[in-house]
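Residue numbers (my numbering): 3 to 368.
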Ligand code: NAD
């Protein structure tokens, strides 16, 4: 019987409501497949600021480093958002834990459920069958390259500079992750760059092409980022796994998330170096925020959190069958027409968070 140490960080707003369901999902999977999930909970974000004066404590960071995975709810509260002078902010907790755990790859699966295809702003015939994963580089590129500063020109004019920089190892590990994931899926990798203009992108393309020699069974395509942004909404079904630089990924993942039309359905994972066993310590979080407008009402959609939990099982615990069982339970509930208010059509009966969660958990392994 395998034991996994999980740190649950519920955070603020609807964070605790959906994280509670993620924990129940782990317990249900544990019972059904005979694993033990040793789960510890700590406050983060506004909840930690209120209690300890910081968005995440050193003890919580140490607990994360001693865990197999971290399940993150959401952070952020209006009282902090509305105070431009606040010295500590809930989001600092997320930035710190990403850094301390060395999470360099951000995975965002985008899968359109046929039953929900009408929730998208795009036509059903364009998005039906869409199922891909974008992997965004998270710790390098334009957001972290140095120098990054304001300057004054010789003639006294204001100027500013940011730097896009990668070394070949940072690119190669992204490529390996992309190829490995593509191999476990439909066998196609799209690498997105701006090699027609940027020398960093030329190196990126060169290294990805070199790494591709180790994966002859995976089809590699290079796309320029502007073309990729077009193809994402014109022929999104053609993508399987996409790898890209930090800022390109930031923009493309937001664009991609709109294909599905529902924030409450989208999970994400941030991963660190992979072990020999093919797993890596990760932080798993829905892409939605703390949704203060619906917090405390018991109506938050728990499906993004369930899909995060499935990713945790797959990427940090190496439990593929269990991950698929949870994903299948979510798909089955949606296909049978079960809806929380955010995805219900006008007039359709909507379930509470707990009712939807019970429906999904009752379908595991069915
Ligand atoms: P949001 O994602 O919290 O909410 C946007 C809209 O989507 C709201 O109407 C909300 O009710 C709805 N929504 C979001 N998740 C839902 C769910 N699971 N079920 C049903 N409806 C859902 O974005 P926002 O309102 O811009 O931000 C609110 C707070 O969250 C801010 O403080 C922001 O900084 C923070 N935030 C945190 C994270 C994070 O923790 N990673 C991410 C994004 C935003």
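For each residue, glycine too, the CB sits at the ideal point set by N, CA and C.
Item, Value
"Please indicate yes or no: does the CB of residue 344 lie closer than 6 Å to some heavy atom of ligand 1?", "yes"
"Alpha carbon to alpha carbon, how far is residue 41 from residue 9?", "6 Å"
"For residue 258 versus residue 179, is the C-beta spacing smaller than 7 Å?", "no"
"Name the residue from 167, 319 and 251 whose alpha carbon lies nearest to the alpha carbon of residue 35.", "319"
"Look up residue 282 in the DSSP assignment and say whether it is helix, strand or coil.", "coil"
"Anything with a beta carbon under 5 Å from a heavy atom of ligand 1 counts; list them all in chain order.", "76, 77, 78, 83, 265, 266, 290, 291, 292, 293, 295, 296, 302, 303 and 344"
"For the region 24-64, which segments carrying the alpha helix (DSSP H) assignment without a break, of at least 4 residues, lie completely within its bounds, in sequence order?", "48-54"
"To the nearest whole angstrom, what separates the beta carbons of residue 103 and residue 274, a pair I think is in contact under 8 Å?", "6 Å"
"Assign residue 358 to one of two classes, buried (16 or more other C-beta atoms within 10 Å of its C-beta) or exposed (fewer than that).", "buried"
"Let me check one thing: in DSSP terms, what residues is residue 306 bridge-paired to?", "DSSP output for residue 306 lists no bridge partner at all."
"Check whether the region 165-180 touches the region 138-147, counting contact only when three or more Cβ pairs, one atom from each stretch, lie closer than 8 Å.", "yes"
"Give me the residue from 55, 45 and 115 with the minimum Cα distance to residue 22.", "45"
"Starting from residue 81 and walking both ways along the alpha helix (DSSP H), at which residues does that stretch end?", "80-83"
"In its own chain, which residues sit with a C-beta less than 7 Å from the C-beta of residue 340, not counting the 5 before and 5 after it?", "353, 358 and 361"
"Measure the C-alpha to C-alpha separation of residue 189 and residue 83 and round it to an integer number of angstroms.", "43 Å"
"Span of the alpha helix (DSSP H) holding residue 250?", "248-259"
"Helix, strand or coil for residue 288 per DSSP?", "strand"
"Tell me where the alpha helix (DSSP H) around residue 95 begins and ends.", "93-102"
"Alpha carbon to alpha carbon, how far is residue 315 from residue 282? Give it in angstroms, no decimals.", "11 Å"
"Is there contact here, the region 82-102 with the region 235-243, by at least three beta-carbon pairs under 8 Å?", "no"
"Could you spell out the range, first to last residue, of the alpha helix (DSSP H) harbouring residue 355?", "355-363"
"If contact is defined by three or more beta carbon pairs under 8 Å, each pair taking one atom from either stretch, is the region 286-304 in contact with the region 118-131?", "no"
"So which of 43, 75, 56 and 276 has the shortest CA-CA distance to residue 183?", "276"
"Skipping 5 residues on each side, what residues in its chain have a beta carbon closer than 6 Å to that of residue 185?", "220"
"Residues in the same chain with beta-carbon distance under 8 Å from residue 69, minus the five sequence neighbours each way, listed in chain order, please.", "7, 8, 9, 42 and 283"
"Counting pairs of beta carbons, one from the region 52-65 and one from the region 264-272, are three or more of them closer than 8 Å?", "no"
"Alpha carbons only, please: which of 74, 112, 141 and 181 is nearest the one belonging to residue 222?", "181"
"So is residue 303 buried or exposed if we call it buried at 16+ other beta carbons inside 10 Å?", "buried"
"By the three-class DSSP mapping on this structure, what secondary structure does residue 337 have?", "helix"
"In terms of alpha-carbon separation, which member of 317, 332 and 294 lies closest to residue 309?", "332"
"Ignore the nearest five residues each way along the sequence and tell me which others in residue 39's own chain have a CB closer than 6 Å to its CB.", "6, 8, 28 and 32"
"Per DSSP, what are the beta-bridge partners of residue 224 in this structure?", "193"
"Taking residue 63 as the reference, give the member of 19, 279, 230 and 11 with the closest Cα.", "11"
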